[in-house]
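Have a look at the structure below before the remarks.
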Amino acid sequence: MVAVISPVSAVVFSSVLLSSCAATVITRKEFRIAWLAPKEMHGGFSAGTSVSALKLALRAIEAQHLRGSKLRVKWYDSKCEPKAAITAAVDARSDFDPDLFLGPPCSPGMSGVAMLASHWNIPVFGWVSNDHELKYRHIYSTLVRVLGPLNQFSKTMMYVKILFRWDRFAMIFDEDSTYRTVHSAIVAYLRERNNTITSAHGVNIDKSDSEVQDIFMQVRKYARVIILSVPWLSMRKYMLVAHQLNMTSGDFAFICINSDVYTRKELQEDVLSDKVWHRNDTFDDDARAAFESVIYVMMAPAEEEVYNKFETLVSRAEDLNYSRWELPTGNNTLDAYAPFLYDATLLWAILVNQTMAADVDPRNGSYIFQRAQAASTKGVTGLLALDMDCDRLFNMWLLDMQADGRFKEFVKIDNTVDGGYMARVTNIRWPDGREGDSQAPPDTPDCGFEGELCKKEPVEKPADESYTDSIIGAAAGSSVVLAIAIAVQVLLRRCRRRKKMKSLIWQVKFEEIDFVTAFLCGSVRSSFRNLGRRKQTGSKKLQKSNSDINLTGSSDSPRSHHLLEGGATMFGSVAYLRGSLVSVKRMNRSSVGLTKDMLEQFNRLMELKHQNVTAFVGACVDPSRILLLWEYCAKGSLQGLEYLHKTHINYHGNLKSSNCVVDSRWTCKLTDFGLPKLRAYDKGSVSAEDNWDKELWTAPEVLKGETGVDLQKADIYALGIILKEVFTRSGPYSDYSFMSSAEIIQKVKNPNPTPFRPTLARDIRHDSELTSLISDCWAEDPAMRPTPARVLKTLNKLNPSKHMTVIDNMVAMLEKYANHLEELVAERTSELDAEKRKTENLLYRMLPQSVAEDLKSGKPVKAELFDEVTIYFSDIVGFTKICADSTPIEVVNLLNSLYTLFDDIITAYDVYKVETIGDAYMLASGLPKRNGERHIKEIADCSMDILASIGTFRIPHLPERQLMIRIGIHTGAVVAGVVGLAMPRYCLFGDAVNTASRMESTGVVLVVVVQSVFFSSLAMKIHLSSQARDKLINYHGYHIVPRGEISVKGKGTLSTYFCWGRDDYHKHVPDATDYHHGSSDTKLPGGQPSVFPSTVAVQSETDSHAKQRHGFPGGGSHPCNSSVGEVSQPVRTSSVTSSQDDASELQDVDVKLLRKNFEPTSRVQSEPYTHTDRACRS
């Protein structure tokens, strides 16, 4: 059992801060909570409207329940979508490794998350997800819910029965899934306990008053207690209709029951008030009178004192922010479900406390689940009792309207682990001022719904009337005459019927049926040929050739199969009878006994005449040639089904899509009905295997062979299957093509646990009214199925062209088809545009947009002169050493990671990436789009960001080795253009490119060592030419120092400068002190120890070293070879070029001269590698 905490102390900070609070000292330092909630408002909740309640719970836990531990919380947007919720859970598991999944609140998302949490054995606590399907704990074995499942509302009916002794109900429910679930749970609960549900009807707020009136007219026939699972504030619409039908005078009771949750403000304004009926209109008086008969069943709200204090503290908690809490920003609004989130979080902390005390891992979801079973505590939301499935037990209120017109609770129900408790608050009020449970209207009228329970008392004869005998005599004489007249009429009718029956007007001789003419008729033969081409997907029996024209085993009757898309036989064959084309249905029996009942059925079929029923032409009963002849429909309704149900035929009995045909006037008609005994004989003469395909439209009660089956309701079931076929344009069970017909029939006969039905397409499910109609038609309970009149009315409402002529309808269909083609073309065009944009984006990454546009239009791209641009070059220091220590794929991964980092940086600046060659990275600003004088500033700022990023970059496969780069910048004129046709590239030409490359290559690594202390270096500095420096000083704040004059190959002696920062630049730009610090026993960037003597030497990169660096050992000749550079001036520093990355190279330093003082502007000449060298190296 969970320790009980007072509801007030659970929400105040003062109790959290009490040092005397008895809480287990937790040795674990940190707990991680992954909070899954939608960013956008959904179903009355969101992350923004509940985050403050979570903050309050976290603060309370850290200060009281898990003292000594910190809670790290991270929010993930679950979006109330299954995919988003599962993605969030997987992401949280991989990058956050939580101890608790808190949420998601939406049931569809919780299903997947709870299954994953069960697999990972991590506890998952829900505060909204109340779907009944989540109750199966063999699937969701670590799920705890503080808002109980919707099916628990059904248990309220037990208390309703106890109070009012009602056993007979009718149901009206809103078609929204939440209210439909409550309705289904109540129906299942009542039927399990042998209560009567007379009918159930779906409604929505958009239904007209006349439609609602029709529903109430049906309900009132057999019920007096009506349960409405609808939104509370929509009750007025339904109660006004009931009032108009005089159903609110005290003979009927209405129970509104739903799972809506309210904030305290909403509770006072919407429920505990007169808002439900008082709207300041002319119907207020009627509405008030109607609501005298209403009982509202709702979830018990939080205590007012506790909730108000909780709300106050939540408003203060909005400002709580810690770096360990990665939570969204609140929106100053508290949703109705926030208190449940608070209780769920605290309940987890209490269970963790107990788990730690038992020396069990608090992350063990199975153990947490066991601790939560049958737990009970007090929270903000009231008594929090969990059942053995760790689902909360609902506490309920029953409310009715008081004399002042406001609603108030009259019974409170508390469900605990030990049972339910009902507390009376006040007496219930009924219409006309009656009070008390005993004054409730009975669920059945005293005389029954049709007066069957009342006996009529005999009328006493008046003794004082003198003419009584005369009246009796006259009445007796009239009765005798009337009886004689009726008898004569009956006898005459019987005689006529017997004569008609004996005349056998329906009988047709086989010789009268002309099959040959019909078969040779061009139009019919063409129809057969076209129908024969259709794809056959039915059983083996339906795969016979269309050329089989033998009806009885001989060649005297041609037979041809009309095949629908699903493979079902449309009709057996056609023939001419007395000059008219008829359809022929062959029976499998060889003979038929013409009993009186059979003759009566044939005659009744002949009498049927309706525009939506095919006429029965006659029958051939010759031995071995039992044929039924019907009106032929060349093209191939609900009015016909309604007509059949009203006639003596009473039902169709063989309704399926193949028996719905269309005549030459495009009228839908029903065929192949009647003659039940003959069909029963015929069915019994065929094996079960041959009947499976024909049974797909058969109702489950017929398949089970139940007695007393309502065959009209069986027709409605078949109609539901046909509607599915019509609206989805597929067979009855097309989504289950992997199953045989026999398997489908067995699943329909044995629903376990839910009825097996065809699957409706997604576009059909979007139409809730159509979906509800089809679902009602194939309901498992025949009593729940609608009548043909109701189906017809609903379809007329859904059909916008019901008043159109055939021609108008055809024109409308053609217009719709044309519009659909336009939409299809627009959709394909949109997809093409999207692919075009992808291609263009890829092209724009390879070439400047202006150049790409010229190439796309076929124009020649002319070279363009840019008078002034700034060019940037950089390369990696010690790249040769890194390559030697790495595999080729590791080198590629290194460059990809580094250049991806650079690419992200340059997007913030007006620079153009020209190319990368090996470890060299080249940028330019001022082209292809000129930007005035800003090119130098853009390059300088971009260079500093690149340098700053190098400080945190680590080589993926050598994380202990720090990367260093050299950067050179020059400003000058260039010519830009596209060279070549195959893989064209945008190239720069001019002396400015070479100078920029020299600035990069002469930026040697200089490690300064004086008495084993590192001071500065020329590495990780931005090397500027004098032209670049002259442009940059126009912008104030840049830190520029002269390097001095250096000898540059092909340029002579140049004055260069270093840029190492900017006044308002706050990022850390690394230098040599970030790589060499401490003692002289420090590693160089290559990772080798460096032990410098107190005397220091200068080394410049020789030609041999350069050639080894670029992969040409021994100093052999190569087209990329450069002349050897020399040190022109000795300095008392150690100047080591970027190629020298290990201590062995330092041992070979050729000391030329030593000087006593360090000169920052010393002239050092080293051999640069040119842009051409780089190309050769790559």
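Position one of the sequence shown corresponds to residue 407 (my numbering), numbered consecutively onward.
Glycine is no exception: its CB is placed at the ideal position from the N, C-alpha and C atoms.
Measure the alpha-carbon distance for residue i versus residue j and round it to whole angstroms.
i       : j       : result
Pro555  : Asp797  : 7 Å
Asn557  : Val703  : 14 Å
Ile467  : Ser500  : 25 Å
Ala498  : Ala459  : 22 Å
His684  : Ser560  : 29 Å
Glu971  : Leu1102 : Here the model assigns Glu971 a pLDDT of 35, short of 50, so the residue's position is not dependable, and the following value carries that caveat. Whole-angstrom Cα-Cα distance: 15 Å.
Leu477  : Thr1322 : 47 Å
Val1570 : Ile1452 : Confidence at Val1570 is low in this model, with a pLDDT of 33, below 50, so the placement of that residue should be treated as unreliable; the coordinate-derived value is given next. Each residue's Cα considered, the two are about 6 Å apart.
Arg939  : Gln1118 : A caution first: Arg939 carries a pLDDT of 45, below 50, which makes its placement in the model too unreliable to give a value.
Gly1059 : Lys1222 : 36 Å
Trp731  : Ser1432 : 51 Å
Leu1129 : Ile1180 : 7 Å
Ile1055 : Ala591  : 38 Å
Thr1245 : Gln1255 : 12 Å
Glu709  : Gly788  : 7 Å
Arg438  : Pro707  : 31 Å
Ser1349 : Cys1289 : 25 Å
Trp912  : Tyr1049 : 21 Å
Ser884  : Ile892  : 12 Å
Ala659  : Val682  : 17 Å
Could you have a look at residue i and say whether DSSP puts it in helix, strand or coil?
i       : result
Pro837  : helix
Val786  : coil
Gln1546 : Because Gln1546 sits at a pLDDT of 33, beneath the cut-off of 50, its placement in the model cannot be relied upon, and the point is left open.
Cys853  : coil
Phe689  : coil
Val1298 : helix
Met577  : strand
Gly1338 : coil
Met993  : coil
Pro1448 : strand
Asp793  : coil
Arg1191 : coil
Lys476  : strand
Tell me the residue span of the alpha helix (DSSP H) that contains residue i.
i       : result
Pro1106 : Pro1106 to Leu1109
His373  : Summary: the structure shown does not reach residue 373, with the chain confined to residues 407 through 1584, and so no result is reported for it.
Leu553  : Run containing Leu553: none; DSSP gives neither H nor E here.
Arg1372 : Counting along the chain, Arg1372 falls outside any alpha helix (DSSP H), though it belongs to the beta strand (DSSP E) covering Ile1371 to Val1385.
So the beta strand (DSSP E) residue i belongs to, where does it begin and stop?
i       : result
Trp828  : Just to set this straight, residue 828 is Met in the shown sequence, not Trp. Segment Gly825 to Arg830, the beta strand (DSSP E) holding Met828.
Gln1368 : Leu1364 to Gln1368
Val588  : Val588 -> not in any beta strand (DSSP E); alpha helix (DSSP H) instead, spanning Ser583 to Glu598.
Phe1133 : Here Phe1133 belongs to no beta strand (DSSP E); instead the alpha helix (DSSP H) covers Leu1117 to Thr1134.
His1429 : Ile1428 to Ser1431
Trp803  : Met802 to Met807
Let me check understanding here. Comparing Cα to Cα, which of the options lies closest to residue i?
i       : options                              : result
Glu581  : Phe531, Pro637 and Tyr542            : Pro637
Lys627  : Tyr546, Val647, Ile633 and Thr604    : Thr604
Cys1066 : Asn527, Glu1037 and Ile1055          : Glu1037
Met653  : Met1004, Glu698, Phe689 and Ser1355  : Glu698
Gly386  : Met807, Asp612 and Ala780            : A question about residue 386 goes unanswered here, because the residues of the chain that appear run from 407 up to 1584.
Met1328 : Ala594, Gln619, Pro1334 and Tyr1318  : Tyr1318
Arg984  : Val700, Ile919, Ala659 and Thr850    : Ile919
Ala696  : Met807, Val588 and Leu596            : Met807
Asn664  : His589, Arg899, Val712 and Val593    : His589
Gln624  : Gly1264, His607, Leu1301 and Ala1346 : His607
What I want to know is whether the C-beta of residue i ends up closer than 8 Å to one or more non-hydrogen atoms of the ligand GDP.
i      : result
Lys613 : In the structure shown, the ligand GDP is absent, as is every other ligand, since no ligand is present at all.
Just checking, does the segment 488-498 make contact with the segment 507-520 on the three C-beta pairs under 8 Å criterion? yes
Would you call the segment 752-760 and the segment 442-452 touching, i.e. three or more CB-CB distances under 8 Å? no
Any contact between the segment 1369-1376 and the segment 1399-1407? By contact I mean 3 or more CB pairs, one from each, below 8 Å. yes
Touching by the beta-carbon criterion (3+ pairs, under 8 Å), the segment 665-677 and the segment 610-628: no
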